[in-house]
Structure formats: structure tokens, C-alpha cells
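There are 2 protein chains.
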Amino acid sequence: MGYYILDKTNIVEYLNSIENVKKYFAGDDLSIAEIGDGNLNFVFIVKSLKDESKALILKQAVPYLRCVGEEFPLNKERMTYEIRALQSYAKHTPKHTPLIYDANEEMSAIVMQFLGEHIIMRKGLIQEIIYPKFAEHISDFLATNLFKTSSLCLDSTAKRELIGRFNNNTELCKLTEDFVFTFAFMEHDTNDDYAKGHESAQKLFADMKFKKAVLELKYKFMNQTDTLIHGDLHTGSIMLNKKDTFIIDPEFSFVGPFGFDIGALLGNLIMSYTSHMAQETEISYCEWILDLIKEVLEKFENKFLQLWNEQKESSLLVSGFLDNNEIDEFKKEFMLNILRDSVGFAGCKMTRRMFGIAGVEDIREIKDEKTRNKAIKQTLKISKKFVKHYKEIEKIEDVITIIKGAQ
Amino acid sequence: MGYYILDKTNIVEYLNSIENVKKYFAGDDLSIAEIGDGNLNFVFIVKSLKDESKALILKQAVPYLRCVGEEFPLNKERMTYEIRALQSYAKHTPKHTPLIYDANEEMSAIVMQFLGEHIIMRKGLIQEIIYPKFAEHISDFLATNLFKTSSLCLDSTAKRELIGRFNNNTELCKLTEDFVFTFAFMEHDTNDDYAKGHESAQKLFADMKFKKAVLELKYKFMNQTDTLIHGDLHTGSIMLNKKDTFIIDPEFSFVGPFGFDIGALLGNLIMSYTSHMAQETEISYCEWILDLIKEVLEKFENKFLQLWNEQKESSLLVSGFLDNNEIDEFKKEFMLNILRDSVGFAGCKMTRRMFGIAGVEDIREIKDEKTRNKAIKQTLKISKKFVKHYKEIEKIEDVITIIKGAQ
Chain A
347 MGYYILDKTN IVEYLNSIEN VKKYFAGDDL SIAEIGDGNL NFVFIVKSLK DESKALILKQ
407 AVPYLRCVGE EFPLNKERMT YEIRALQSYA KHTPKHTPLI YDANEEMSAI VMQFLGEHII
467 MRKGLIQEII YPKFAEHISD FLATNLFKTS SLCLDSTAKR ELIGRFNNNT ELCKLTEDFV
527 FTFAFMEHDT NDDYAKGHES AQKLFADMKF KKAVLELKYK FMNQTDTLIH GDLHTGSIML
587 NKKDTFIIDP EFSFVGPFGF DIGALLGNLI MSYTSHMAQE TEISYCEWIL DLIKEVLEKF
647 ENKFLQLWNE QKESSLLVSG FLDNNEIDEF KKEFMLNILR DSVGFAGCKM TRRMFGIAGV
707 EDIREIKDEK TRNKAIKQTL KISKKFVKHY KEIEKIEDVI TIIKGAQ
Chain B
347 MGYYILDKTN IVEYLNSIEN VKKYFAGDDL SIAEIGDGNL NFVFIVKSLK DESKALILKQ
407 AVPYLRCVGE EFPLNKERMT YEIRALQSYA KHTPKHTPLI YDANEEMSAI VMQFLGEHII
467 MRKGLIQEII YPKFAEHISD FLATNLFKTS SLCLDSTAKR ELIGRFNNNT ELCKLTEDFV
527 FTFAFMEHDT NDDYAKGHES AQKLFADMKF KKAVLELKYK FMNQTDTLIH GDLHTGSIML
587 NKKDTFIIDP EFSFVGPFGF DIGALLGNLI MSYTSHMAQE TEISYCEWIL DLIKEVLEKF
647 ENKFLQLWNE QKESSLLVSG FLDNNEIDEF KKEFMLNILR DSVGFAGCKM TRRMFGIAGV
707 EDIREIKDEK TRNKAIKQTL KISKKFVKHY KEIEKIEDVI TIIKGAQ
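Line order of the protein sequences matches chains A and B. For the first sequence, this note's numbering gives the first residue as 347, with consecutive numbering after it. For the second sequence, this note's numbering gives the first residue as 347, with consecutive numbering after it.
This is the structure:
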């Protein structure tokens, strides 16, 4: 049975063909509702009519961009990579991965746990919610997944197999090359109308030192196969509440540079910070975000190093090759390079959200123009410094200093 | 028809099944002779009995290491990568690629031009032959192939396809990880007997600063997908005479770091130099090698930059993104990084030839022990400096200075 597009007329039949799902709903009648907020894909909530707490998500990719329509064709095989990444997350960090009931690469469809008690983190941050466990959770997620799928842990054969399983996610990697690293930094018809004639946009597009550094970072994105990355880990790819944190939507995943996911998260937390600062939200919330950033970076480093220290041998480091002092020195430099690249990528990610095709709600939805421009200016101050000076970062505190310095 | 091992009893029938080869020999009776010097594979010379100038090479991989036997199994699919790399070379630098008459991935076999008037470069250098066109030729080969298969030239889709076509050459990449970057720098039972108790070996194995830098370079080898590399471009993989230069044996090929092939060549030219210096060969020959090294590096850089300048647009650099000054600055830094990595890789390649499993004839075959040790010492002086200080190299002249300084 080949691929076909799922809709309300055939979803029940499809779900009944999956043993795992049939068992979950135990023969209950089902309601099907489409969630309208998926940009790329169709997402349905399937609920038991008898017991509304029994609910699953069905997500399917169609061969075009859902939010635009058939005139913007996009390979449906992107779901293959989302499925494979989620399966990898389920293996390494099941606590932070929605439970998968069925994954069907041929149908470009996945059935998974409905996160009814969690919201998209970006929304939560806009609502000034404090998440006391988030730093702990996301550092677990990042450290474990980034370490376990790298050459610091996998043997050469497993690493190459992993590269092979994600290597054809070309179309979505290309989207990142174009929209995260290129078009948003030059005059381009995909940019937001807001960019036209905007003073900060003009200055940005003319900042050649910035753009040269972007090119370096783009090259790293295209040519470094450190580890399996999510590829789009902004605060819209995280669902959480005060108790749990889940990572969703890894359709951009591929084997890429260590710093990219950390950078995406860092950049998006900072945009929440600059948004709240511009809007004069209570200072304690802004300070919580700053503390959170520091905690995430520190906990990531500690946990990553702990996993590395537990790993006695790898393709990279054969036991007995190097003495402990030099190993520690190697690891220290390695972690610093991850931090630096994370800062550089964060800078690209933040900057492209200012005038590029896709903004972030935190800033683009600020109604008052003066306030919005204040947020944009502060964001750009930080992001330009990040991109131009990421190689000079020496410690986590330097990152915080740059953020605080951009008042 | 599946894979079977070719031998004198079935080769004629096999060749007659290939239209292109049948046409070449035009029905002549054939003689088949095995060349004994292949380490990994079976290599046969097929000649017309009527006209001995009509000759082809038939090379087939068997599922084990030919020079050891069936007790050392080695995936015969390595020939797949040799075939694919040769086809890529034939496309980009046909002048330096043996003419391919047939390539059969299923049979792990290739039929190609017999280079009867050319010798292995290592032998030529040992015989003190001067090759006036070599720098021109090899810089063509390196610049063209390394540029044309990189993200500086290919679009993202073609680049990922290329990665995919070589990604499974795991076994041979692993050989490099183990034998070029690891075992030759520590006590290991694969090392040459000569290493046991050798003072320089002991010092090398204890040099932790050196080994930490090796680890960095090994990480680059494992995680950088710059371009299609030969993977084993020492002077034994080059056949030439005073007029022509051919590159052979790219079974180690995969998409890896820019500097690896240049480093392999550089390191092997230097070992020829240190060998001649220790043996007190006429100084003019030693000086020719030094000049050659400089010329190769300079010509490579110029030709690579010329190709890059001719390339108006690429996945990396969209037209109109950056102004010319910054582009030039970016390219300058990029070329310097290639040079630095080349020096680092050259250092690893040279060092591993001293006490590791595979020596080079230039040095290991020096009969007089004192002379041999002199060559080893000089080589190690250079190679250790290369590995520990490759990131401090600022220009090509610095490389020559290090070589000359190691008397």
C-alpha cells in the first residue's frame, strides 16, 4: 500500500489498521480534529468519544508546504527524518520524547502521545511563566542526544550509518542554508515587508564583517558532521509545563555541528529576554531568563563532560593513547569550541528572525512599533556581537556579559 | 551474474564479455600476467600477443587483504569507491586519470589503461629522477578535484549525493583512523619490530602534546565533509614520467577534509627529502625536492583560488551577499586553514611511517642503521613540529623553514 493523504474520511480506517493504536483506544468511537497551527504538515488530534483523556496525535507530511499550498512543493520524505530523529530521542531521552505509537515512513505519518497538558514554550515565555525544571530537562536532552550520536561515543561504522540515515534530508537543510544563513541578511523578496526601508535592516545588510562571519558559520553548518542535531530547536519546538519537557518537530534533523541546536535555543531564549525587556515586563522575569540561559549552558557542559568521562573508549580515543592531563585539556578545548560555535549560531538564528521570512511571535507581534523596534535593536546588538566575536568567547559568563551589555 | 573471483582461467572470457575491451583488442589472442605488488587487490596485465603495445590493466578486489590472505577479511566493496573516485577524476582531470575501459561495481573490478611508460613516483624519487612537470600536474589534479567536489562549487543536493556515494567506505576510513592516527603513536602489536626499544619511538609514544594534537586532527578527519578526497595520496599512488602524471588507487576515497590529500603528498615528499639528506645524495636533488614542495603548495593555492574566482555562485556564497573585499578576505583565511590542516595531516602521515605497520621504502629500506636512524630523526623533528604547530603556520614559506630547520 503506497502513500495517500490522510483526511477525516479515511483516518479512522488508517488508525484501525495499526495494532498499537487499536489497542490504545480499545474499540472506542473516535473524534478527529485538525490542528490548524502546523506550518509544514497536517496534524490531527484523535480522541476517544467515551473518554476524552484518551487522545493521540496523528501527523502527516504532504508533498507541499501546508501553510502555502500545492504551489510550494516540499518533499514529503521530510517526515522520514522526523520519525528517525524521534526514534533516536526515544532511545536516548525517552522522558523528553513524546511516546510513539506508530511511525510509517512510507505514509510519511506518525502517531504519538497527545501532549494535552503542555504548551509550546514560546507561548509560555510570552505569558511570563517560570519553568523551574526546564534547565535540568533541556540540558539532559541536549547533552545526552548530542553526545550519544557523536564520534565521541559511536564507533565509526555506527556513525557512518547514522550519517547515511539522515544524509538525504537535503531539502530541509537547504531551507536552513537559505533562510537562516543567507536571504535574511541581504535584500531579498522573501524578507518581511517590515525590512523595506527599515534603518536597522539597511545597516545589517551593509555590515560586511558580520556577513563574512555568517559565511564561516554557514560553512560549518554545511560541512561538519559532529552529531545528530534537531536542526530547528527554537522555543516553538519545545512543549512543556512546570513538570515535564518534550521536544517535538525534528524534521530538519541531520548529522551536523554540535553548536547548532544549543545556538537555536540560546538565540530564542535571548529573543524572549529582549522582548520582555523592551516591553518592560517585571524585571524578575527577565532575570529569570538570564539565569536560565546560564544554567542551561552550564548544565549542558557538565552533563556532556560527565557522559564523556564515563565513556572509556571510542573511535576517537583508544584507551591508553593519551594521559589524563592531556585528555582533560583536550576536552576543555573541545567544550569551549562547542560553546563558541553555539554563540555564533545563536547570533545567526536571532538576526534572521528580525527581518527574514519567519519572525518570532515574541518580537514581531509586539503591537507598539517603538517598543518592537527597541526589542529589534537590542536583539541585533547582541546577535551582531555574537556572530562577529564568537571565537573570542572564553567562558559561559562572557555570553551573559554580552547580553547584559546590550541595553 | 554475481561476483566471482577472476583468475587466469576465466579472465579472457570475462574480458570478451565487455564490448569496449573486445573492441580494443580486436580479437587478438591475449596474455595474462599477475602483477605481484598489489597489497590489497589482484592486478593483472592483459596484453595482445600480436602487438605487445596493446595492453590493459585488470584490477579486482577480493573479500580479503591480498597480501595477507583470507585470514584478514576486507570488504571487496572497497573497489566500488575506487571506481567512483576514478570516475570523478576522469570527469574533472582526465589528463591525470588512467583511461577507464570498464568499471563493474558488482564484480569489484575495473579495466583500465596500462601505464607501461610510467613508474611509481616513490621509486622514481629513490632513483633521483627529476620530474619537471610534476608540480604543474599534481597542483592541477589537487586544485581541480578538491574544488569541484566541495560546497564551494557543488550545490547542496549534489554535495549530499556525493557524500552518500562514498559514505559506506567505512572499513577503509577505519583503517586510516587506526593506522594513520592511532596505533603508530603508542605501544601496539601492529607496529614494526623496529619500534621495540627504539629510543625515538619511546620518546614519540610519550609525547603527549604531540598526541593531543593528533587527536584534534583525527577528529577533523572523522567529522569534516569538505570534499571528495583520495584518502591515500602518497607517492606510491602516483605513476609518472617526465611528461605525464597519473593518480591511481583511490580505494580510501570519501568525502573528508581538504588538507588530507595535500598533507599525504607533502609528508611523502618530505620523507623522500629526509631520506636523501641522510644518505647524502647530491644536494641539488634534495634542493629540487624542497623547491618542488614549495611549487606544489603555491600552485595548488593559485589554481584553487582561480577556480573559486571563476565560480560566480554556489550553495555557500550567493551572488550579492558579500562585497569583494570581504570575499577576498574570506578566501584568504580559507586557504590558510587548508594549508594549516595540510601541514598537520602531513605530520601525522610522516610520523606513522616511522614505526607503524607500514613503512615507506625511502626510509625503511635504508640498509645502514645509522643512516636510517638519521633519516628517522630528521623526519620526526619535522613531523612533530608540523603536528604541534600547524595552527601557527602563516604562509607556505613557514613550511619550508620548518623542513630546512630540522638538520
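For glycine and all other residues, C-beta sits at the position ideal for the given N, C-alpha and C. In this text, all values refer to a predicted model and were calculated from it rather than measured experimentally.
As assigned by DSSP and simplified to three states, the class of residue i
i, result
"P409/B", "coil"
"P419/B", "strand"
"L445/A", "coil"
"I465/A", "strand"
"I749/B", "helix"
"I381/B", "strand"
"I391/B", "strand"
"L663/B", "coil"
"V526/B", "coil"
"N513/A", "coil"
"A372/A", "coil"
"A455/A", "strand"
"N671/A", "helix"
"L471/B", "helix"
"L508/B", "helix"
"A401/A", "strand"
"N569/B", "helix"
"N356/B", "coil"
"N537/B", "coil"
Contact under 9 Å by Cβ, residue i with residue j
i, j, result
"A455/B", "L352/B", "yes"
"L563/A", "Y350/A", "no"
"D687/B", "G609/B", "yes"
"A624/A", "T717/A", "yes"
"M458/B", "L518/B", "no"
"L386/A", "M467/A", "no"
"Y565/A", "S497/B", "yes"
"T620/B", "I709/B", "yes"
"N515/B", "Q570/A", "no"
"S599/B", "E428/B", "yes"
"D501/A", "K441/A", "no"
"M696/B", "M617/B", "yes"
"T573/A", "I584/A", "no"
"A449/B", "L461/B", "no"
"T439/B", "I593/B", "yes"
"F676/A", "L685/A", "no"
"F371/B", "E380/B", "no"
"G613/B", "S729/B", "yes"
"I639/B", "I749/B", "yes"
"I739/A", "V601/A", "no"
"L404/B", "V392/B", "yes"
"V642/B", "A481/B", "yes"
"A407/A", "E423/A", "yes"
"E672/A", "K557/B", "yes"
"S434/B", "L726/B", "no"
"K588/A", "K479/A", "yes"
"D374/B", "K354/B", "no"
"L578/A", "T536/A", "The question names Leu, but residue 578/A in the sequence shown is Asp. Contact: no."
"D553/A", "I703/A", "no"
"L395/B", "L420/B", "no"
"G690/B", "A559/B", "yes"
Supposed contact pair residue j and residue i - C-beta distance, whole angstroms, cut 8 Å
i, j, result
"K555/B", "K734/B", "6 Å"
"I635/A", "L611/A", "Rounded, the Cβ-Cβ distance is 12 Å, inconsistent with contact."
"E451/B", "G348/B", "About 12 Å separates the two Cβ atoms, so there is no contact after all."
"P596/A", "H576/A", "5 Å"
"R698/B", "A530/B", "4 Å"
"S561/B", "L663/A", "The question names Ser, but residue 561/B in the sequence shown is Leu. Sure, about 7 Å apart at Cβ, within 8 Å."
Inside the segment 571-655 of chain B only - beta strand (DSSP E) runs reaching at least 3 residues: 573-575, 584-586, 591-593 and 600-602
Validate contact between the segment 484-499 of chain A and the segment 646-666 of chain A using beta carbons, cut 8 Å, 3 pairs: Result yes; three or more Cβ-Cβ pairs closer than 8 Å.
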